[in-house]
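The numbering used here applies: residue 1 is where the sequence shown begins, and numbers increase by one.
For glycine and all other residues, C-beta sits at the position ideal for the given N, C-alpha and C.
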Amino acid sequence: MRARHFTIPRQALFIGLGLVVVPVLQLVPVPQAIWHLAPQSEHWLAVQSFTGPLRWRPISLHPEMTVGALIDTLSFVALLLAGIQLNIDERVKTIDAVIAIAFGSVLLGVLQGQLGLRQLYLQADAVPGTITGFFGNRNHQADFLVIATGLCATRIQTGRPIGHNVMTGALCLLFAAAAITTHSRSALVLLVILAVAMSVIRLRSRLGALLVSGSILVALIGLSVSNSVVTDVLARFSGDTIKLSRLTIWAQSQIAVRQTFPLGSGIGTFREFYESIEPLDLVGPTFVNHAHNDALQVIVEAGLLGLASLALVAGAIGWLAWKALARRNDTMAHGAAICLCVPMLHSLVDYPLRTMAISSLVAVMIGLLCPPPAPSGNDAGAGATDSGDPTTAAVQPRRWGVSLVIALTGLFCMSFELARMLLAAGAPSAAVALAPYSANAHLALADSATNQGEADIALLEASRALRRNALSSEALSLIGLVEYSRQHRQAADKAFLAAAHLGWRNPSVLGYMFGRAIETGSATTAAQMADARLRLEIDRDEVLGATSALLADETFRNAFAERFKNPAPWQTDFVAALRPASPLEAEIELLFLARLQAISLSAATLDRLSTTYMDGLVRSGQTGDLEAGWKNLHPAGGDPAAGVLDPNFSHVDGASYPFGWQIEPAVARIGNAPREPSPALRIANYTGEKVLAASQFLLLGPGIYHLSYRTRPGTDDDPDLTVTMRCVAGGAIRLHDESEPASDETTRFVIRSFMIGDKGCEAQRVLVSIDAMRENRPLYISDFSITSH
């Protein structure tokens, strides 16, 4: 094998230095006079009361995370240098390897889409049922496949036999189709951008551009005809996903910028810092690990210096791409320049460059932008990388210097990763000895000391962890727990309040705040903490029980009902778990349900909650307590066990909730029919589909009943009004038509009979539904009654 010149293009050197210099500078200890200037210094000042004075320290709020990010960056730079040194044959083989890996990812994605088995997903955070291939989410799988589509088109330009080109073209079509089937919105956009770019840039022939464009067109047409994949993807553009995730994250990230600029919070600390500013009402089972905009995240983590570094790196890559496109015969460099647009553009709304697989591929593709090296002794070839043109000038470092840097960097990376492995293996003492800067290792020692009852050691190690990570809510909460165990209530409150300032995702913080709010009678805070703990699924059964017991307090009951304005899965579970042990407890639960009705929840939400509550009582055999409790609250409000309440719809304000009429405001309201003095329910449905206009729960006993009502006007052109009855616990009640009194054009009378059995139908529900109207002619319904036979 012939030796090669080890040369580094100047622009590649700028890229490496631009990436490495920021985390290195953030790890250099600086005096308090410097880090005190930054807004984020308040975090260090806040922990000084727990750690003692902090004079010299790094800019990064969590140096350990910055060290980890630096190691990842060094890996990227190493792959970049490796890509630069690849000769032409090796570059071809590299592209072939990427295509082969993409094919394997497609095959795995097919199995995932068809079977959905958890075992088919290689990443712990992948969602079963989605198509993610070798990745953790569909967006990154889509990015990889779009890049592979471009590389296939590039590979065709390298002058292979026609048989190989046909196979590569088929793979190009396969990758484009597979990218779309991930249901990623970015796949459609990026495929179009890829096709446009390949059509614009002068490749050796137009075959690659035509192939990519044709592949995308055929894939879109085929998928549109065969199934709803494209329709579903397009529908996601108009959905609420962007609103609920990206825009919220970006708004919060801008707050983070204001709190960290100009020094930044530290490379690798975005997730922890985001949690410190995340509003309590946004805390949920999913967390934000990146800003979904790399430029925004760089500003948060690295501030002004990071912004300058980003500009330097982007400029250097752009210059390399420009020079690569100027080399007319360097097809692989052309393809790499185009494919680099995919992750670069997607990083404006996601974080593909922060996944190891995509970033590694990007590093190699940047290397492909540089001219391939020539073997030593080939003077003509050597000029390919050092032509004397200052724009393509290369640096030739000394071999011993490179070897020394690689060896020292390797030792450091090995010690860092070994410390992580020791910590995961339950050996924090060894991890501290190997990496004394590790906050996580000191925190593990503090946790171990707490479990062993060694309070002083626990406080010491927790304070050391806090010195090394000013964002450690866990260290502060551990200090609070130790102080609480010592009966130092004031010190415990101080520690937990400081921990809460760093975010609401710490279960210990939420639990302590919930307990203290109950002790101090702070109903609003207790309701907020209960809501957050249930959203995070922390001690679910314990919180449900404690919250149910607190409903007797009117202030807490009203405050807790307010939390239902933001829908969450736990709310249905909470209502389903309500079980009154007496009429008095039933009264309390009915007051809570009435409060839910009073805060103007949507009709669909209120319907779901009330149905869930009634179903639970029927199945537990507690409808008797419910009836007694309701009669105590409404002594003159009628009897849901005797028939319909409010037959003429004189009031639908929810005062009788959950009994009495519940109406859908979009289609129904109280109003007087023409030439009729008595009130009625006015129904006008212009939604284009059949909807539920009104409903009411009943507690009828076993027996035979008559149901009757009248509608106005009574012509045959009336929209189809449907009245049905169901048992709350499940099953329809059959209504039998009886002879009706004579009807005319103004009024129609309806009479039906039904029977309630001895078991399984202790609670019922009558439902009034109406089809879409053909003309602007409202329907009125009144005199709705149910009587025993």
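Give the straight-line distance between the Cα atoms of residue i and residue j, rounded to the nearest whole angstrom.
| i | j | result |
| --- | --- | --- |
| Ile317 | Glu278 | 35 Å |
| Ala772 | Ala668 | 13 Å |
| Gln487 | Gly480 | 10 Å |
| Gln11 | Gln85 | 15 Å |
| Tyr709 | Asp783 | 5 Å |
| Glu738 | Thr132 | 59 Å |
| Ser678 | Tyr780 | 11 Å |
| Val342 | Phe287 | 26 Å |
| Asp96 | Ala251 | 42 Å |
| Met167 | Ala324 | 27 Å |
| Phe237 | Ala187 | Its pLDDT being 46, under 50, Phe237 is placed unreliably by the model, and the measurement read from it follows with that caveat. Answer to the nearest angstrom: the Cα atoms are 12 Å apart. |
| Glu627 | Arg619 | 15 Å |
| Leu578 | His290 | 39 Å |
| Arg726 | Val575 | 21 Å |
| Leu721 | Phe273 | 57 Å |
| Asp493 | Trp504 | 15 Å |
| Leu368 | Leu340 | 11 Å |
Among the options, which residue has its Cα nearest to the Cα of residue i?
| i | options | result |
| --- | --- | --- |
| Arg535 | Ser522, Pro507, Thr182 and Gly129 | Pro507 |
| Asp758 | Leu700, Glu454, Glu738 and Phe50 | Leu700 |
| Phe659 | Asn685, Asp447 and Thr623 | Thr623 |
| Leu645 | Leu707, Pro665 and Pro778 | Leu707 |
| Leu310 | Gly268, Gly18, Glu483 and Ala495 | Gly18 |
| Arg420 | Glu64, Thr605 and Leu584 | Glu64 |
| Gln490 | Tyr512, His164 and Gly503 | Tyr512 |
| Asn440 | Leu466, Ala197 and Leu368 | Leu466 |
| Ser184 | Leu145, Leu80 and Tyr686 | Leu145 |
| Arg752 | Arg765, Arg734 and Leu767 | Arg734 |
| Pro58 | Leu80, Ala33 and Phe50 | Ala33 |
| Leu767 | Ser785, Gly730, Ile704 and Ser695 | Ser695 |
| Ala69 | Gln26, Leu305 and His43 | Gln26 |
| Val298 | Gly264, Phe273, Thr331 and Trp322 | Gly264 |
Could you please give the first and the last residue of the uninterrupted beta strand (DSSP E) stretch that includes residue i?
| i | result |
| --- | --- |
| Gln114 | Element bounds for Gln114: not the beta strand (DSSP E) but the alpha helix (DSSP H), Ile88 to Leu115. |
| Thr724 | Leu721 to Cys727 |
| Phe697 | Val691 to Leu698 |
| Phe749 | Arg748 to Ile756 |
| Thr790 | Nothing about residue 790 can be reported from this structure: the residues present for the chain run from 1 to 789 only. |
| Tyr709 | Gly703 to Arg712 |
| Leu681 | Pro679 to Ile683 |
| Ile770 | Gln764 to Ile770 |
Please list the terminal residues of the continuous alpha helix (DSSP H) segment that includes residue i.
| i | result |
| --- | --- |
| Thr149 | Arg138 to Ile156 |
| Phe574 | Pro569 to Ala577 |
| Cys761 | Premise fails: Cys761 is in no alpha helix (DSSP H) and is neither H nor E. |
| Trp250 | Thr248 to Thr260 |
| Phe496 | Arg489 to His501 |
| Leu37 | No alpha helix (DSSP H) contains Leu37, which DSSP labels as neither H nor E. |
Going by DSSP in three states, residue i sits in which element: helix, strand or coil?
| i | result |
| --- | --- |
| Gly671 | strand |
| Tyr657 | coil |
| Tyr613 | helix |
| Ser788 | strand |
| Asp639 | coil |
| Ala527 | helix |
| Phe164 | Per the sequence shown, residue 164 should be read as His rather than Phe. It is helical. |
| Ile781 | strand |
| Val543 | helix |
| Asp737 | strand |
| Ile59 | coil |
| Gln662 | strand |
| Pro9 | strand |
| Val196 | helix |
| Val22 | helix |
| Ala291 | coil |
| Val644 | coil |
| Val28 | coil |
Near residue i, what residues of its chain come up, given a Cβ to Cβ distance below 6 Å and the 5 sequence neighbours on each side ignored?
| i | result |
| --- | --- |
| Ala295 | none |
| Gly16 | Val77 |
| Thr391 | With a pLDDT of 48 at Thr391, under the threshold of 50, the predicted position of this residue should be treated as unreliable, though the coordinate-derived value follows. Excluding positions up to five away in sequence, the list is empty. |
Using a Cβ-Cβ cutoff of less than 7 Å, which residues in the same chain neighbour residue i once the five nearest sequence positions on both sides are dropped?
| i | result |
| --- | --- |
| Asp531 | Arg563 |
| Ala499 | Ser473, Leu476, Ser477, Gly480, Asn506 and Val509 |
| Leu115 | none |
| Glu587 | Gly629, Asn632 and Leu633 |
| Val691 | Glu664, Val667, Asn685, Ser769 and Ile770 |
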